[in-house]
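A.B. asks: Residue numbers (our numbering): 1 to 717. From the three backbone atoms N, C-alpha and C, an ideal C-beta is built for every residue, glycine too.
1. For the alpha helix (DSSP H) containing residue 593, list its first residue and its last residue.
2. Which stretch, first to last residue, makes up the beta strand (DSSP E) that contains residue 404?
3. Quick one: using the 10 Å Cβ neighbour count with 16 as the cut-off for buried, is residue 221 buried or exposed?
4. Suppose only complete runs of 4+ residues qualify. What are the alpha helix (DSSP H) ranges in the segment 298-382, listed by chain order?
5. Grouping DSSP H, G and I as helix and E and B as strand, with all else coil, what is residue 180?
6. Starting from the C-beta of residue 653, find all residues in its chain whose C-beta is less than 6 angstroms away, skip the five residues before and the five after it, and write them out in chain order.
7. Is residue 504 closer than 8 angstroms to residue 481 when the C-beta atoms are compared?
8. Which stretch, first to last residue, makes up the beta strand (DSSP E) that contains residue 627?
9. Which complete beta strand (DSSP E) runs does the segment 182-206 hold, if anything under 3 residues is left out?
10. Closer than 7 angstroms by C-beta to residue 669: which residues in its own chain qualify, once you throw out the five before and the five after it? Chain order, please.
11. Using the C-alpha atoms, what's the distance from residue 498 back to residue 664?
12. From residue 234 to residue 20, what distance separates their C-alpha atoms?
13. Can you give me the Cβ contacts of residue 148 inside the same chain, cut-off strictly under 6 angstroms, excluding the 5 residues immediately before and after it?
14. Keeping to the same chain, check which residues put their C-beta closer than 7 angstroms to that of residue 778; ignore five residues upstream and five downstream.
15. Take residue 712 and list the residues in its own chain whose beta-carbon comes closer than 7 angstroms to its own, dropping the five residues that flank it on each side.
16. Under the DSSP definition of a beta bridge, which residues are partnered with residue 255?
17. Can the beta-carbon of residue 184 be found closer than 8 angstroms to that of residue 249?
18. Pick out whichever of 422, 461, 308 and 341 has its Cα sitting closest to the Cα of residue 442.
19. Here's a check: name, in chain order, each residue in its chain whose Cβ is nearer than 7 angstroms to the Cβ of residue 418, leaving out the five neighbours to either side.
20. Excluding the five sequence neighbours on either side, which residues of its own chain have a C-beta within less than 6 angstroms of the C-beta of residue 396, listed in chain order?
21. Looking only at DSSP bridge pairs, what is residue 680 linked to?
22. Go ahead and label residue 363 buried or exposed: buried means 16 or more other beta carbons lie within 10 angstroms of its beta carbon, across all protein chains shown.
23. By DSSP, does residue 117 sit in helix, in strand, or in coil?
24. Grab the span of the beta strand (DSSP E) containing residue 389 for me, first residue to last.
25. Any contact between the segment 323-336 and the segment 364-373? By contact I mean 3 or more CB pairs, one from each, below 8 angstroms.
26. Within the same chain, show all residues whose beta-carbon is closer than 6 angstroms to that of residue 597, passing over the 5 residues directly before and after it, in chain order.
27. Here's the rule I'm using: 16 or more other beta-carbon atoms within 10 Å means buried, otherwise exposed. How should residue 563 be labelled?
28. Which residues in the same chain as residue 50 place their Cβ atom closer than 7 angstroms to its Cβ, once the five residues preceding and following it in sequence are excluded?
29. Would DSSP call residue 583 helix, strand or coil?
30. With DSSP run on the structure shown, which of helix, strand or coil describes residue 552?
31. With residue 206 and residue 198 assumed to form a contact (beta carbons below 8 angstroms), what rounded beta-carbon distance in angstroms separates them?
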């Protein structure tokens, strides 16, 4: 639970206001999927003992749709050629109320939840007796686990139109946002959640890339600094109305969170204390933390520091890496102690063995990490390397050189050693870096980040490498396509897919590591046995571990294959079979060929030949790392040339597909994409190119005075 949201653990009565923009599509029709997801969340709250009150919007929109259709049906062709008068808002509200309530009733009935409708006007709240009766009725409904659904009765509103706030009106409330705030105080709610079509309150219009999400609204800090965008595309309010209502409720003692109603689980996230949306609280100035750095500020600082890093000499950049390696070894005991605390907490929390295996910094790991960093420091200088030199014309020389990408955002799970590898590669390649590790490695990541950044000189700045600790900050970072240049997710398929769907920033990585070993009929079976065992059991949780073993059909029911299967089982590997081999050898059939076990388990299947093996890999693999064990040269060459994976291996374990083992010093991950970098991504994968043109006063002037030669010049080593 995020510290400033600790009060959420005591919430019992919650009011949820859903905006018109949330429940309607761009064409004005109801967004049934979002409405269904909303009702499912409210059902879950209701079943967990929360007292749930809903303030609904959208009746006018529903009524407008129905009346437009009715007018169309009842109109002649001539009528349709005439200018159409705008429909009366009060009539739309009267027609839409019954339709909207019927829809809520139908959805809740499917979930075995009872709802009720309460229509109010602003004048009602001027009557003390009404307010007393309202409170008694709501308390009675909530005691029966009924969800009251409130809405302003726009059909008999005292305003001039159902959409316009008039100074002549009573002013008790002026839209459903202010109605929700008023109800929160009258009904003594513990929390008010305003669901909007954006993530929360931003410093400017949400579509402006320079706008940042405000997680906690502090009136003294933010009032007057915020630039509001347009009002709601369909409702009366918009963000201005939501902020006014939120301030009113918060000052009265009910905390408010504005968040997106488009997500299917945001209500639960708010109640679990996650740092999403914008919080309004009467003690907001006490809940914020001065040391917190915004997402944009962190990314901008990383870029500025990276430019200072690039300005250093090659010797000075290498010295930073050597200092980091020394610092890791000097603080090894402290690092191991923090890591052991993470491992213990993960075990107590019931995390899986593969995750705990990735989490633990085993004996000798710090020493190996320091050694790999020193290898990086001794590598040829990667920045400014001359790739191509061309004489465009006499005295006009063009050079193509390497340069850093800029700022990297790397999101990784479980493995704290990944933080060290990624940070050292960022320093070597001259890039700024923002890191987000898994919560299970919180203490390990914190101490490693502290040790590494302390070794970075002030001439560069420790903010070269930022560490994000809250998962809720990731959405903000993924929006910063103007200051973050590449996102590298390292983790589960769901993590990679979620990030790809959530950002415009280029994403480099792989979703799965479904790696194959194909044993051909020409294979040296003793060699095959050693390779298969190593590929599976050396580190089962690694993304380059074998998950599927393909065997030529001629090896079926031979002694070597029987021995291989027996050896795998002896080592503790659980074996599943494809449809062919499971029937023949009585092996439990695998649920899917495209499955990354990341544990002591694998799938075995029989194939007819190398072409069938290649076809199987292309249909069920993940284009990560695939291996052939064969003595037949022609067969192995077919495999090496036709398998479309990032790494293809002949007569060696898939476990060799690793940045350090490939001599890259370290890796930020293994990419299965086909653009930019592929396979283990080391320093070169974090570089791009730029052009340097050296002249002596030349001008184009329509190319009249230029004689192009385009001569390739030797690149000096």
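C.D. replies: Reading off the structure:
1. Counting along the chain, residue 593 falls outside any alpha helix (DSSP H), and DSSP gives it neither H nor E.
2. 396-404
3. exposed
4. 314-330, 332-348, 353-359 and 365-377
5. helix
6. 531, 534 and 535
7. yes
8. 625-629
9. 191-196
10. 488, 490, 509 and 681
11. 29 angstroms
12. Any reading at residue 234 is ruled out, since the residue's pLDDT is 41, under 50, leaving its predicted position unreliable.
13. 53, 116, 118, 138 and 141
14. Residue coverage of the chain in this structure runs from 1 to 717, which leaves residue 778 outside it and unanswerable.
15. 390
16. DSSP lists no partner for residue 255.
17. yes
18. 341
19. 412 and 490
20. 695 and 698
21. 670
22. exposed
23. strand
24. 386-393
25. yes
26. 547
27. exposed
28. 12 and 14
29. helix
30. strand
31. 5 angstroms
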